[in-house]
Structures are given as C-alpha cells and as structure tokens.
Amino acid sequence: VRHVSIIRKGFTNKLTKGGTGMRTLALSPMNRLAEFAPLVVRVIVGVIMAAHGLQKLLAGPGNFGGFLAQLGVPAPTLMGYVVTLVELGGGILLIIGLFSRLAALLLTIDLVVAILLVKVNVGFLSPQGGGAGAELDLALIAGFLVILLVGAGRISLDYTLGIERGTAREARGTRRGRS
Numbered sequence: 027v028r029h030v031s032i033i034r035k036g037f038t039n040k041l042t043k044g045g046t047g048m049r050t051l052a053l054s055p056m057n058r059l060a061e062f063a064p065l066v067v068r069v070i071v072g073v074i075m076a077a078h079g080l081q082k083l084l085a086g087p088g089n090f091g092g093f094l095a096q097l098g099v100p101a102p103t104l105m106g107y108v109v110t111l112v113e114l115g116g117g118i119l120l121i122i123g124l125f126s127r128l129a130a131l132l133l134t135i136d137l138v139v140a141i142l143l144v145k146v147n148v149g150f151l152s153p154q155g156g157g158a159g160a161e162l163d164l165a166l167i168a169g170f171l172v173i174l175l176v177g178a179g180r181i182s183l184d185y186t187l188g189i190e191r192g193t194a195r196e197a198r199g200t201r202r203g204r205s
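Per the numbering used here, the very first residue in the sequence shown carries number 27; after that it's consecutive.
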C-alpha cells in the first residue's frame with residue numbers, strides 16, 4: 027500500500043491509496059528528547075531525597091532516632107543513621123547516576139516503611155491541621171520505580187562505566203558494525 031506523508035503544523039496525515047487518511051500527532055522532535063527522561067526523573071527525585079537526608083544530618087541522625095523510638099522502631103538510633111545515609115547518599119547517587127537501580131531500590135524501601143509507620147495514620151493528602159500525607163512519598167516511589175524499570179539512562183555514570191545493561195562498550199561496538 028502506497029502512502030504519502032504530509033506534515034502540517036505538527037501533524038502527520040498519511041493518505042493511503044483508498045483515499046482515507048489518519049491524522050496523528052508527529053512527536054518525532056519529542057522522541058529525540060526521550061533519552062533525557064531518566065536523567066530528569068533521577069535528578070528531581072535525587073535532589074528531593076538528598077535534601078531530606080541533609081536535613082536529618084544537620085539536625086542530627088540521633089534526633090531522628092528519637093522520633094523513630096516514639097514509633098516503636100527497633101534500634102532507633104542506628105535506624106536514624108541508616109535512614110539519613112540512605113536518603114542523603116541515595117539522593118546523591120541518583121543525581122550523578124551511579125548505582126542508580128540500587129539507590130532507587132533502597133529509597134523505595136525507605137519510603138514504603140515511612141508510609142507504613144507514619145503516613146498510614148495521616149492519610150493520602152495532608153490534613154488541614156498539619157502533617158504530611160502520603161502523596162509526595164507515593165510520587166517519589168513512582169520516580170524510583172521508573173529508575174528501577176528503565177535504568178539510569180545513557181546520561182549517567184552507570185552507562186558511562188558500563189554498569190547498566192547495554193553498556194557503553196557494547197553500544198560503541200554495535201555502532202561500528204560489530205555484534
């Protein structure tokens with residue numbers, strides 16, 4: 027079947043021999059930007075988590091451990107340090123794109139525990155009287171799941187160092203005609 031493509035104001039109209047046409051949005055310029063999506067997700071969720079970890083570090087991980095003790099968390103001081111390290115270190119690792127899937131997994135676990143310990147009693151949205159709902163945590167988890175499923179992307183240290191599947195070395199070999 028022969029077809030003619032006419033591009034007009036961002037739309038493509040493919041006309042087939044029978045005279046029928048189908049209009050679809052031509053997203054080819056956006057497709058070229060798709061490789062930036064993992065970078066954008068990594069940096070946004072990484073900055074948020076690093077800021078939360080830095081806040082805990084500056085206030086003292088032991089102080090956060092005191093809050094965890096009120097919730098009945100075992101070894102609260104140790105867990106305060108662990109959570110601080112996971113949030114600050116994991117956020118930084120996501121920003122630079124190093125060990126991104128591991129960082130995303132640890133941060134997902136961190137926020138699932140936070141939801142189960144704290145946010146379950148608050149609810150999905152922040153109540154008017156104060157407190158934070160689970161909506162931000164769930165949005166961050168969605169970002170972490172993107173990184174877990176898609177990977178860090180080509181613009182990352184994971185890709186540059188060959189840590190990600192489809193390593194930089196393999197990609198260079200494929201471009202040169204090797205298998």
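Here a beta-carbon is modelled for each residue, glycine too, at the ideal position from N, C-alpha and C.
Going straight from the alpha carbon of residue i to that of residue j, what length do you get?
i: residue 112; j: residue 74; result: 13 Å
i: residue 56; j: residue 64; result: 14 Å
i: residue 166; j: residue 69; result: 12 Å
i: residue 140; j: residue 94; result: 10 Å
i: residue 98; j: residue 143; result: 9 Å
i: residue 114; j: residue 123; result: 14 Å
i: residue 189; j: residue 92; result: 38 Å
i: residue 160; j: residue 146; result: 8 Å
i: residue 45; j: residue 172; result: Any reading at residue 45 needs caution, since the residue's pLDDT is 49, under 50, leaving its predicted position unreliable; the model's value is listed next. If you take the alpha carbons of residue 45 and residue 172, they lie about 42 Å apart.
i: residue 86; j: residue 158; result: 21 Å
i: residue 14; j: residue 101; result: Absent from the structure is residue 14, since the part of the chain shown begins at 27 and ends at 205.
i: residue 79; j: residue 88; result: 13 Å
i: residue 182; j: residue 84; result: 28 Å
i: residue 127; j: residue 106; result: 23 Å
i: residue 108; j: residue 153; result: 29 Å
i: residue 135; j: residue 76; result: 16 Å
The alpha helix (DSSP H) with residue i in it runs from where to where?
i: residue 176; result: 161 to 176
i: residue 180; result: Element bounds for residue 180: n/a, residue is neither H nor E.
i: residue 187; result: Taken as a continuous stretch (DSSP letters only), residue 187 belongs to no alpha helix (DSSP H), as it is neither H nor E.
i: residue 152; result: Segment: none, residue 152 is in no alpha helix (DSSP H) and carries neither H nor E.
i: residue 144; result: Taken as a continuous stretch (DSSP letters only), residue 144 belongs to no alpha helix (DSSP H), as it is neither H nor E.
i: residue 133; result: 126 to 140
Rounded to the nearest angstrom, how far is the Cβ of residue i from that of residue j, given a contact under 8 Å?
i: residue 184; j: residue 125; result: 7 Å
i: residue 61; j: residue 179; result: 6 Å
i: residue 133; j: residue 116; result: 5 Å
i: residue 187; j: residue 163; result: Wrong, their Cβ atoms sit about 30 Å apart, outside the cutoff.
i: residue 120; j: residue 71; result: 6 Å
Worksheet item: Whole alpha helix (DSSP H) runs in the region 48 to 101 with 4 or more residues, listed along the chain?
Response: 54 to 59, 63 to 85, 87 to 96
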